[in-house]
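Undergrad: Position 207 of the sequence shown, counted from 1, bears residue number 207 in the numbering used here, the numbering being contiguous throughout.
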Amino acid sequence: MTAPFSPTDPPAADERVPFYGERFQRDATAMYAQMRRDHGPVVPILLDGDLPAWLVLGYREVHQVTEDSELFARDTRRWNQWEEVPDDWPLMPYVVHNPSVMFTEGGEHRRRAGAIGDALSDVDQFDLQRSCEQIADRLVDEFAGSGQAELISQFAQRIPIAAVAGMFGMPESETPDLVRDVALSLDVGPEAMPAYARVQEAMARLVERKRAEPGMDVPSVLLEHPAGLSDDEIVLDLLVVTAAAQQPTANWIGNTLRLMLTDPRFEMTLTGGRASVGQALNEVLWHDTPTQNFIGRFAARDTRLGGRRIRAGDLLVLGLAAANADPNGSLGPDVDLQGNRAHMSFGHGEHGCPYPAPEVAEVIARSTVEVLLDRLPDTELAVPAESLAWRPSVWMRGLESLPVRFTPAYVSGR
1 MTAPFSPTDP PAADERVPFY GERFQRDATA MYAQMRRDHG PVVPILLDGD LPAWLVLGYR
61 EVHQVTEDSE LFARDTRRWN QWEEVPDDWP LMPYVVHNPS VMFTEGGEHR RRAGAIGDAL
121 SDVDQFDLQR SCEQIADRLV DEFAGSGQAE LISQFAQRIP IAAVAGMFGM PESETPDLVR
181 DVALSLDVGP EAMPAYARVQ EAMARLVERK RAEPGMDVPS VLLEHPAGLS DDEIVLDLLV
241 VTAAAQQPTA NWIGNTLRLM LTDPRFEMTL TGGRASVGQA LNEVLWHDTP TQNFIGRFAA
301 RDTRLGGRRI RAGDLLVLGL AAANADPNGS LGPDVDLQGN RAHMSFGHGE HGCPYPAPEV
361 AEVIARSTVE VLLDRLPDTE LAVPAESLAW RPSVWMRGLE SLPVRFTPAY VSGR
């Protein structure tokens, strides 16, 4: 065990904490708490390949970093470690620069993010809810008669991208390949970059079709937006929207179903009541947020943060889950979570999820969870709760599987 927090400048070689491996996969929450005790709100870490970075654990410090996009910038080309990064670095998909909205800064970022926000604002959320209910009904129909299902692969993973495909005006026939490739592109492994390239090709074909035959959909709005986006810009920004919608929303659905199936507050009572789906969705964002950590921000100049000296070009990893759990932040021991949306799960500031993206994600998650519980109200876990396993990642929080059983039901016909 290291000594109590007393920062050195620069951090000693043995002070840096390896930010990978089984320790985080077993109990990340306990690891974050220990790191906070030993190192304070800003922790010197080693990423895969022992590349140095900082993990920002404190709620106030994450707020500070995300609020100041000039000092803590987004362009990954600022990183001072590029000479040490091998071509096959497993985290390359998170840092390789491209001219999408994800890595733009200043006025250019506001131009691109504003267009995305306007396009998403044009999505009728009532129509989206009906569409998601229909998608969920079709998926439930596939397993309702069997009395058992695996709700991650058969349900949660298949819903967000189908909803996005509808918002994008994509043919349903292209959805299965898109689901596979988006999932691979967000993972850490050799298939990530080839999968990303395939998703990019799919978006380029989509934009070309919408240029020729516009419709009532997100790409068509972007093509006509006064920001004057090029086709290449739209393709890249649609990729960002797709990635942000798919895995985080799928994990949000899966983590919410897990909570509702393991917490007695959400059990169906004799009068047919249960704690609300909305309450469960919000609690998951606090305690099991789908995006645990995010790469990142890059210091534009030498500065100080949380008692640490940060040098120009240093990489800061945003510890969103740890910030949510910070006892010195918005979630104190006596805070009521009901209606409390001060979490960092959607980021914050200029580079947080643009409005109304969080509302769109919530419509997708809430409507589909409600359909499942309405259709199969006696759903229960088919395995002990303690045997449920999280996917091995320090970046995303999602279950490997969620096997359930229920009274077999007829297909809906809806």
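Each residue gets a CB set at the ideal place from its N, CA and C atoms; glycine is no exception.
#1: Go ahead and label residue 216 buried or exposed: buried means 16 or more other beta carbons lie within 10 angstroms of its beta carbon, across all protein chains shown.
#2: Are there 16 or more other CB atoms within 10 angstroms of the CB of residue 44, so buried, or fewer, so exposed?
#3: Near residue 312, which residues of its chain fall below 6 Å by C-beta distance, leaving aside the five closest residues on each side in sequence?
#4: Among residues of its own chain, excluding the 5 on either side of residue 211, which ones have a beta-carbon nearer than 8 Å to its beta-carbon?
#5: What is the DSSP secondary structure of residue 16, counted as helix, strand or coil?
#6: Report yes if the CB atom of residue 118 is closer than 8 Å to the CB atom of residue 241, and no otherwise.
#7: Roughly how many whole angstroms lie between the Cα atoms of residue 106 and residue 72?
#8: Can you give me the C-alpha to C-alpha distance between residue 397 and residue 347, rounded to a whole angstrom?
#9: Per the contact definition of three or more C-beta pairs closer than 8 Å, is the stretch 120-133 in contact with the stretch 358-376?
#10: Relative to the C-alpha of residue 129, which candidate in 360, 92 and 176 has its C-alpha closest?
#11: Work out the CA separation of residue 104 and residue 153 for me, nearest whole Å.
#12: Just to confirm my understanding: we take residue 219, look at its own chain, exclude 5 residues before and 5 after, and list those with CB closer than 7 Å. What are they?
#13: Around the C-beta of residue 173, are 16 or more other C-beta atoms found within 10 angstroms, so that it is buried, or is it exposed?
#14: Any chance you could list the alpha helix (DSSP H) runs of at least 4 consecutive residues sitting entirely within the stretch 40-93, in chain order?
#15: According to DSSP, simplified to helix, strand and coil, what is residue 404?
#16: I'd like to know whether the C-beta atoms of residue 86 and residue 48 end up nearer to each other than 8 Å.
#17: Cβ of residue 57 within 8 Å of Cβ of residue 323?
#18: Expressed to the nearest angstrom, what Euclidean distance is found between the alpha-carbon atoms of residue 383 and residue 121?
#19: Between which two residues does the alpha helix (DSSP H) harbouring residue 162 extend?
#20: Considering only residues of the same chain and omitting the five flanking positions on each side of residue 263, which have a CB-CB separation below 6 Å?
#21: According to the neighbour-count rule (16 or more other Cβ atoms, all chains shown, within 10 Å of its Cβ), is residue 37 buried or exposed?
#22: Measuring CB atoms only, is the stretch 388-397 touching the stretch 283-295, in the sense that at least three cross pairs come out at less than 8 Å?
#23: If you follow the beta strand (DSSP E) that residue 234 is in, where does it begin and where does it stop?
#24: Can you tell me whether DSSP reads residue 175 as helix, strand or coil?
#25: Would you mind listing the alpha helix (DSSP H) stretches within the stretch 205-232 that are 4+ residues and don't spill past its ends, in chain order?
#26: With residue 354 and residue 113 assumed to form a contact (beta carbons below 8 Å), what rounded beta-carbon distance in angstroms separates them?
#27: In terms of residues, what are the limits of the alpha helix (DSSP H) holding residue 296?
TA: Judging by the given coordinates:
#1: exposed
#2: buried
#3: 299, 301 and 302
#4: 223 and 231
#5: coil
#6: no
#7: 12 Å
#8: 15 Å
#9: yes
#10: 360
#11: 34 Å
#12: 168, 169, 206, 207, 210, 234 and 238
#13: exposed
#14: 59-67
#15: strand
#16: no
#17: yes
#18: 41 Å
#19: 159-168
#20: none
#21: exposed
#22: yes
#23: Looking at the DSSP string, residue 234 is not in any beta strand (DSSP E); the run it does join, the alpha helix (DSSP H), is 231-262.
#24: helix
#25: 218-224
#26: 5 Å
#27: Premise fails: residue 296 lies in the beta strand (DSSP E), 294-299, not in any alpha helix (DSSP H).
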